[in-house]
Amino acid sequence: MPELSIRNLSKTYPNGVRALSDVSLDIPTGMFGLLGPNGAGKSTLMRTLATLQEADSGSARLGTIDVLRQKDDVRRLLGYLPQEFGVYPRISAETMLNHFAVLKGITNGRQRKEVVDALLHRVNLHDVRKQSLGTFSGGMRQRFGIAQALIGSPQLIIVDEPTAGLDPGERVRFHNLLAEIGENVVVILSTHIVEDVSDLCRQMAIIAGGRVMMSGDPLDAIRSVEGKIWRKTVGREEVEVLKTRHAVIHTRLVGGRTVVHAFAESDPGDGFEPTSASLQDVYFATLHRASEKTEQAA
Ligand code: ADP
Numbered sequence: 002m003p004e005l006s007i008r009n010l011s012k013t014y015p016n017g018v019r020a021l022s023d024v025s026l027d028i029p030t031g032m033f034g035l036l037g038p039n040g041a042g043k044s045t046l047m048r049t050l051a052t053l054q055e056a057d058s059g060s061a062r063l064g065t066i067d068v069l070r071q072k073d074d075v076r077r078l079l080g081y082l083p084q085e086f087g088v089y090p091r092i093s094a095e096t097m098l099n100h101f102a103v104l105k106g107i108t109n110g111r112q113r114k115e116v117v118d119a120l121l122h123r124v125n126l127h128d129v130r131k132q133s134l135g136t137f138s139g140g141m142r143q144r145f146g147i148a149q150a151l152i153g154s155p156q157l158i159i160v161d162e163p164t165a166g167l168d169p170g171e172r173v174r175f176h177n178l179l180a181e182i183g184e185n186v187v188v189i190l191s192t193h194i195v196e197d198v199s200d201l202c203r204q205m206a207i208i209a210g211g212r213v214m215m216s217g218d219p220l221d222a223i224r225s226v227e228g229k230i231w232r233k234t235v236g237r238e239e240v241e242v243l244k245t246r247h248a249v250i251h252t253r254l255v256g257g258r259t260v261v262h263a264f265a266e267s268d269p270g271d272g273f274e275p276t277s278a279s280l281q282d283v284y285f286a287t288l289h290r291a292s293e294k295t296e297q298a299a
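If you read the sequence shown in the working numbering, its first letter stands for residue 2, the second for the next number, and so on.
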């Protein structure tokens with residue numbers, strides 16, 4: 002089974018933005034979650050791996066393939082669902098998928114029909130295959146996006162921010178589909194939604210400011226902060242004061258009240274209570290540390 006190994010990848014855009022800074026990751030077969038806030042560099046990394054843009058330095062290998070140099074070989078093994086997946090609204094799902102299959106080099110008509118049919122069944126769009134794509138819901142469109150990404154049995158599947166804008170039911174359907182696909186190939190799921198990763202991925206990385214902040218097994222990561230997450234329910238006006246005294250990693254509203262989570266090796270006092278850790282806490286604690294480092298450096 003191929004494994005994707007990324008070493009010291011860096012990219013600075015012509016406007017001076019350093020979008021990737023020495024990124025190294027080992028990505029095994031299965032679902033890999035790439036988590037980071039907007040602007041972290043996720044899409045830049047995904048587009049680079051999908052051979053759509055150049056890195057300045059570093060390397061990436063998929064099995065024996067040099068991803069940055071053997072672009073045609075990568076493209077043969079790649080399924081890519083970009084963040085902005087445009088569809089022709091007047092064309093039916095079946096016609097469009099057939100067209101993508103032609104582009105992927107499936108020239109034999111009968112074989113192509115079989116591939117297209119099987120994919121439409123797999124993503125549960127066979128019943129609506131004659132409908133134009135413009136009539137599809139967000140979830141149906143994403144499932145269509147996955148169908149086109151699966152043409153030609155790819156070994157590397159890259160899915161960029163797939164569940165933004167899906168309703169909860171559609172999200173679950175989409176997750177189940179991804180989980181099925183991710184059993185035998187490398188699937189990279191790039192997202193800023195923590196639950197997508199905790200639901201689906203056995204391995205993950207958090208990136209921020211173009212750097213890898215952590216990588217590994219989400220459950221190990223949760224264990225590593227267990228006992229260090231503290232919680233307090235407060236009035237909104239109290240939040241700013243707490244922030245000056247504690248490492249507040251995130252705040253959220255629960256039933257109209259503000260719940261503050263802070264990171265501390267031992268009881269921080271001030272009425273905080275211990276609470277069990279989640280991947281959200283790992284994520285926000287990691288980003289908190291990253292922002293502190295940036296502030297110290299500035
Ligand atoms: P993410 O996908 O995590 O939101 P991106 O890879 O899109 O992050 O962006 C990383 C950084 O690079 C951001 O600061 C973004 O503004 C910048 N950026 C992305 N694409 C370009 C581009 N084509 N030209 C200049 N800057 C870019």
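A virtual CB, placed ideally from N, CA and C, is assigned to each residue, including glycine. Treat the numbers as computed from the prediction; the structure is a model and nothing was measured.
Starting from G31, follow its DSSP beta bridges and name the residues at the other end. As a first step, residue 31 is located in the sequence shown; it is residue number 30 there, counting from the start. The partner list for G31 (beta bridge, DSSP) reads V187.
Is T287 near the ligand GDP, judged by its Cβ being under 7 Å from some heavy atom? Absence of the ligand GDP is noted for the structure shown, with the ligand ADP being the only ligands found.
Which class does Y81 belong to by DSSP, given the choice of helix, strand or coil? Position 80 of the sequence shown holds residue 81. Three-state result, Y81: strand.
Measure how close the beta-carbons of G139 and G170 come, nearest whole angstrom, since I'm counting them as under 8 Å. Here residue 139 refers to the residue found at position 138 of the sequence shown. Here residue 170 refers to the residue found at position 169 of the sequence shown. Between the beta-carbon of G139 and that of G170 there is about 11 Å, and that puts the pair past the 8 Å contact cut.
Beta-bridge pairing of M205 - partner residues as DSSP gives them: Within the sequence shown, residue 205 is the residue found at index 204, counting from 1. Beta-bridge pairing links M205 to G34, G217.
Kindly give me the distance between the Cβ atoms of M47 and S191, rounded to whole angstroms, as I take these residues to be in contact under 8 Å. Looking up residue 47 in the sequence shown gives position 46. Looking up residue 191 in the sequence shown gives position 190. Contact flag correct, Cβ pair sits at about 5 Å.
What did DSSP end up calling K12 once you bin it into helix, strand or coil? On the sequence shown, position 11 is the one that residue 12 refers to. If DSSP states are grouped into helix, strand and coil, K12 belongs with the strands.
Any non-hydrogen atom of the ligand ADP closer than 7 Å to Y89 Cβ: As a first step, residue 89 is located in the sequence shown; it is residue number 88 there, counting from the start. False, no ligand heavy atom lies under 7 Å from that Cβ.
Alpha carbon of M141 to alpha carbon of S267, nearest angstrom: Counting from one through the sequence shown, the residue named residue 141 turns up at place 140. Counting from one through the sequence shown, the residue named residue 267 turns up at place 266. Their backbone Cα atoms lie some 48 Å apart in a straight line.
Would you kindly work out how many angstroms separate the C-alpha atoms of V124 and T65, rounded to a whole number? If you number the sequence shown from 1, residue 124 lands on position 123. If you number the sequence shown from 1, residue 65 lands on position 64. Spanning the two alpha carbons is a distance of roughly 31 Å.
Is G59 helix, strand or coil by DSSP? Position 58 of the sequence shown, counted from the start, is the residue given in the question as residue 59. Strand, per DSSP.
Where K229 sits in the DSSP three-state scheme: Position 228 of the sequence shown, counted from the start, is the residue given in the question as residue 229. Coil at K229, not helix or strand.
Apart from the five residues on each side of it in sequence, which residues of its chain come closer than 6 Å, Cβ to Cβ, to I250? Within the sequence shown, residue 250 is the residue found at index 249, counting from 1. Closer than 6 Å at Cβ, skipping near neighbours: H262, F264, F285, A286, H289.
Could you give the first and the last residue of the continuous alpha helix (DSSP H) run that contains V116? Indexing the sequence shown from 1 puts residue 116 at position 115. It spans 110-123 - the alpha helix (DSSP H) in which V116 sits, taken as one unbroken run.
State whether the region 271-284 contacts the region 223-239, with contact taken as three or more CB pairs (one from each stretch) at a distance under 8 Å. The way I'd put it, the region 271-284 does touch the region 223-239; three or more beta-carbon pairs between them come closer than 8 Å.
Go to A278, then tell me how far its beta strand (DSSP E) extends in each direction, as first and last residue. To locate residue 278, count along the sequence shown from 1; it is residue 277. Element bounds for A278: n/a, residue is neither H nor E.
Quick one, are the C-beta atoms of M214 and A291 less than 8 Å apart? Your numbering for residue 214 matches position 213 in the sequence shown. Your numbering for residue 291 matches position 290 in the sequence shown. Against a cut-off of 8 Å, the Cβ pair of A291 and M214 comes out as a contact.
Does the Cβ-Cβ distance between S6 and R70 come in under 8 Å? By 1-based counting over the sequence shown, the position of residue 6 is 5. By 1-based counting over the sequence shown, the position of residue 70 is 69. No.
Can the beta-carbon of F86 be found less than 8 Å from the beta-carbon of M205? Along the sequence shown, one-based indexing puts residue 86 at 85. Along the sequence shown, one-based indexing puts residue 205 at 204. Between F86 and M205, the C-beta spacing is not below 8 Å.
When you compare each of L53, K105, D23 to R77 by their alpha carbons, which one comes out closest? The residue you call residue 77 lines up with position 76 of the sequence shown. Selected option, being the one with the closest Cα: K105.
What would DSSP say about D271, mapped onto helix, strand or coil? Mapped onto the sequence shown, residue 271 falls at position 270. D271: coil per DSSP, three-state reduction.
Is it buried or exposed, E162, if we count other Cβ atoms within 10 angstroms and call 16 or more buried? For the purposes of this step, residue 162 is taken as residue 161 along the sequence shown, with counting starting at 1. It counts as buried.
Any heavy atom of the ligand ADP closer than 7 Å to the beta-carbon of K294? Taking the first residue of the sequence shown as 1, we reach residue 294 at position 293. No, the beta carbon of K294 sits no closer than 7 Å to any heavy atom of the ligand ADP.
Examine the ligand ADP and report whether any of its heavy atoms sits within less than 7 Å of the Cβ of S22. Position 21 of the sequence shown holds residue 22. Flag unset: Cβ of S22 not near the ligand ADP.
For V255, which beta-bridge partners are listed by DSSP? For the purposes of this step, residue 255 is taken as the residue at position 254 of the sequence shown. Its beta-bridge partners are R258.
According to DSSP, residues forming a beta bridge with V249: Locating residue 249 in the sequence shown gives position 248, counting from the first residue. A263.
Going by beta-carbon coordinates alone, are A56 and G42 separated by less than 8 Å? Residue 56 sits at position 55 when you count from the first residue of the sequence shown. Residue 42 sits at position 41 when you count from the first residue of the sequence shown. No, these two residues do not count as a Cβ contact at 8 Å.
Which of the three DSSP states, helix, strand or coil, is assigned to R70? By one-based count along the sequence shown, residue 70 stands at place 69. Coil at R70, not helix or strand.
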